[in-house]
Amino acid sequence: MPESWSLRPATQADGVFLGDMVVEAANWRAGAPRPRHEILADPDHGRYLAGWMRPGDVGFVAVAGSELIGAAWYRTLPRTDPGFGYVGTGVPELIIGVKALWRSHGVGRTLLRRLCEAARAEGRARICLSVERGNFAQVLYRSEGFAVTRSGFGRDTMIKRLS
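Reading the sequence shown from the start, the letters are residues 1 to 163 in the UniProt record's numbering.
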């Protein structure tokens, strides 16, 4: 495993890799992973990828050598097609995924920070996400200033104020 990695802005050509990262995020539990095609066919997950990169989509990809190792991005979803963590019109919802081998190496934290910086630079006041209860990523989100604002069936919606 290379010691160094870097971030770059996500491009339209990264759509397939972002799909891989949705699968990574959905399969965070140990055990039998759900198949890629099943996760991506689910409209609850597909809304984070459909039509990537449309106006308002912002993301970053982590790269080690020539290997893509993680990504974080956000979209502003409409009230008529809300995501897991929808909190209101104009509040972008972020999605983050890191390949298992690269977890606990600072990749996720760096992606999360860079995405929040980009949202702040765009003039966004808040950013949100949804995380399943028991997911170790909740510790990361809390340490980066996200707070639970709503609890649903098995998952929490978290918001970070950016201003």
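In this text, a Cβ means the ideal position worked out from N, Cα and C, and glycines have one as well.
Keep in mind the model is a prediction, meaning the values are calculated, not measured.
Check: With a threshold of 7 Å on Cβ separation, who are the neighbours of residue 68 within its own chain once the five nearest residues in sequence on each side are excluded?; Outcome: 17, 61
Check: So, under 8 Å CB-CB, residue 97 and residue 21 are touching, yes? Tell me the CB distance rounded to an integer number of Å.; Outcome: 3 Å
Check: According to the neighbour-count rule (16 or more other Cβ atoms, all chains shown, within 10 Å of its Cβ), is residue 146 buried or exposed?; Outcome: buried
Check: For residue 55 and residue 153, I'd like the C-alpha separation in whole angstroms.; Outcome: 31 Å
Check: Would you report the Cα separation of residue 155 and residue 44, rounded to the nearest angstrom?; Outcome: 14 Å
Check: To the nearest angstrom, report how far apart residue 82 and residue 65 are at their CA atoms.; Outcome: 36 Å
Check: Ignore the nearest five residues each way along the sequence and tell me which others in residue 160's own chain have a CB closer than 6 Å to its CB.; Outcome: 127, 145, 146
Check: Can you tell which of 46, 59, 6, 24 has the C-alpha that lies nearest to the C-alpha of residue 13?; Outcome: 59
Check: What are the boundary residues of the beta strand (DSSP E) that residue 156 is part of?; Outcome: 155-161
Check: Of all the options 72, 71, 86, which has the alpha carbon lying nearest to the alpha carbon of residue 78?; Outcome: 86
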